[in-house]
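Structure record follows, encoded as structure tokens.
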Amino acid sequence: MKKIIFIPPKPPEPKKLKVAAYCRVSTLSPTQKRSLDWQIKSYTKMISEHPDWIFAGVFYDAGKSGLRRSGRIGLNKMLKKVAKGKIDYIITKSISRVSRDTVEVLKIVRYLRERRINMYFENENLDSIRLDKEFEITLRSMLVQDESRNISENIQWGFQRKFEKGDIFTKYKNFMGYTCVDGEIVIVSEQAEVVRKIFELYLQGLSFGQIKAYLEAMRIKTVTGNEYWDTTTIQKMLKNEKYKGDTMLQKTYTEDFMIGKKARNVGQRNQYYVANSHPAIVSGEEFDKVQVEMAKRVRLVRKADGTVESNSRKYNGKYLLGNLLVCGDCGASFRRRTERGKVVWRCAERIEKGKEVCFNSPTLNEDWIQKVLGEMVCENDVYNEDTVRNSIEKILIFESYLEICYRNEKKLNVKLF
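In case it helps, our numbering puts the sequence shown at residues 165 to 581.
Here is the structure:
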């Protein structure tokens, strides 16, 4: 006769959960730093002392916006540990600490739920793993996001009121030539000399690249201590009205508060120009000369469809004539070439696209044009680049003559050859 013995299943051994916590503070103020330190200590103690938990770490981000995931090193590190199975349960203070973007909150919650991991939001008393709680999490996330929108709008409103009163920002970082002392912008003498030199070199005819080479050759460092300069930085310095003691307010504005994207203000928002807002490093006259020179260096190039566009890359920092000689037929600049042992200047459009694009443009011998300018412009009939640079605006080249246009608006026609 069969004898059946019932063997009950062994009760599962209680498994300890690997528990982590996440904290975030949006600023690096002393108050928030203290709050962050307190949260880290509190969560560490709570998890470590729980008999059924294994401490898996406290992850945190400081000085980071809750609207954007980018730069959140602590959050990303925690989610990577989740993917490796090193975390079973997460505690956080509130939904807003994780993210103020509703879509981002749902992405994180669903990512955790797929891996059967719960995130507990203390303030809201919500467990993310519960599918029936997703609607409530979504609703509360939307309220948090809307709160961020209101804060952003209030900040922008505050900025507008400051702009209207002419209040300028005085907490600039890494601003060559200036620093802030007790809320006032003051000049840093050594750096100011570098700024003045850059303006001086530009007015002497040097290009951004040549100024960069000069600064690096002289071992002059950037405001951040870098040995290498960027031509874009030099260009921005030359265009910055702050160096003549004025301030343009609201050059940019926040286009989308959710992603923090800033856009250049070219008329979309009000702007406010504050004259004599702080001490000047260069004179207004010198600053304005630089702006005029910049406009001059933007050359006009005629396109195949007949339209004309500007091209700042046409400026020639090596040869002065490359910036003065302009084709009277197509508007292009002239380019220096060596042909049969002689140095000549020819229309760039004709060189690149042929006679069908620029039929009437002549070829100029460099010795001849320098001789003409020496006789017409310089003292003692001797060609001098500085004199020509300071006297001549441009030289239009036509089929049978050239037109010398002086800076004082005087014009002089000279027959070719």
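From the three backbone atoms N, C-alpha and C, an ideal C-beta is built for every residue, glycine too.
All of these numbers come straight from a predicted model, not from anything done at the bench.
Have a look at residue 400 and residue 245 and give me their C-alpha separation to the nearest angstrom. 44 Å
Determine the direct distance from the alpha carbon of residue 563 to that of residue 410, and round the result to whole angstroms. 47 Å
For residue 218, which residues does DSSP report across the bridge? 182
If residue 491 and residue 542 are in contact, beta carbons under 8 Å, what's the gap, nearest whole angstrom? At roughly 24 Å, the Cβ-Cβ gap does not stay under 8 Å, so residue 491 and residue 542 are not in contact.
In this structure, how does DSSP classify residue 623 when only helix, strand and coil are distinguished? In the structure displayed, the chain extends from 165 to 581; residue 623 sits before or after that span and is not available.
Rounded to the nearest angstrom, what separates residue 242 and residue 190 at their Cα positions? 18 Å
So, using beta-carbon positions, are residue 485 and residue 558 closer together than 7 Å? Not a contact, by the Cβ cut-off of 7 Å.
Report all residues from its chain with a CB closer than 8 Å to the CB of residue 385; omit the five preceding and five following residues, and keep chain order. 391
Under 7 Å, do residue 211 and residue 183 count as touching if we go by C-beta distance? Contact flag set, yes.
Please report the distance separating the alpha-carbon of residue 365 from that of residue 503. 32 Å
Can you list, in chain order, the residues of its chain with a C-beta nearer than 8 Å to that of residue 178? Leave out the 5 residues immediately preceding and following it. 216
Measuring alpha carbon to alpha carbon, tell me which of 262, 274, 209, 287 ends up nearest residue 298. Out of 262, 274, 209, 287, the CA that lies nearest to the CA of residue 298 is found in 274.
Simplified DSSP assignment, three categories, for residue 562: coil
What would DSSP say about residue 539, mapped onto helix, strand or coil? helix
Comparing C-alpha positions only, which one of 199, 556, 525, 517 sits nearest to residue 565? 525
Return the bridge partner residues of residue 578 from the DSSP annotation. 566
Is it a yes or a no for the region 445-460 touching the region 353-373, going by three-plus beta-carbon pairs under 8 Å? Yes: the two stretches touch, three or more of their Cβ pairs being nearer than 8 Å.
Assign residue 348 to one of three DSSP states: helix, strand, or coil. strand
Ordered along the chain, which non-local residues of its own chain (more than five positions away) have a Cβ less than 8 Å from that of residue 338? 387, 388.
For the alpha helix (DSSP H) containing residue 379, list its first residue and its last residue. 372-381
Work out the CA separation of residue 197 and residue 302 for me, nearest whole Å. 29 Å
Applying the 10 Å Cβ sphere with the 16-neighbour rule, what's the burial state of residue 283? buried
Residue 467 burial status per 10 Å Cβ neighbour count (16 or more: buried): Low local confidence applies: a pLDDT of 49 at residue 467 is under 50, so the model's placement there is unreliable, and no value is given.
Whole-angstrom Cβ separation of residue 262 and residue 272, contact assumed at under 8 Å? 6 Å
Hey, is residue 545's beta-carbon within less than 7 Å of any beta-carbon in chain D? Note that chain D does not occur in the displayed structure, where there is just one protein chain.
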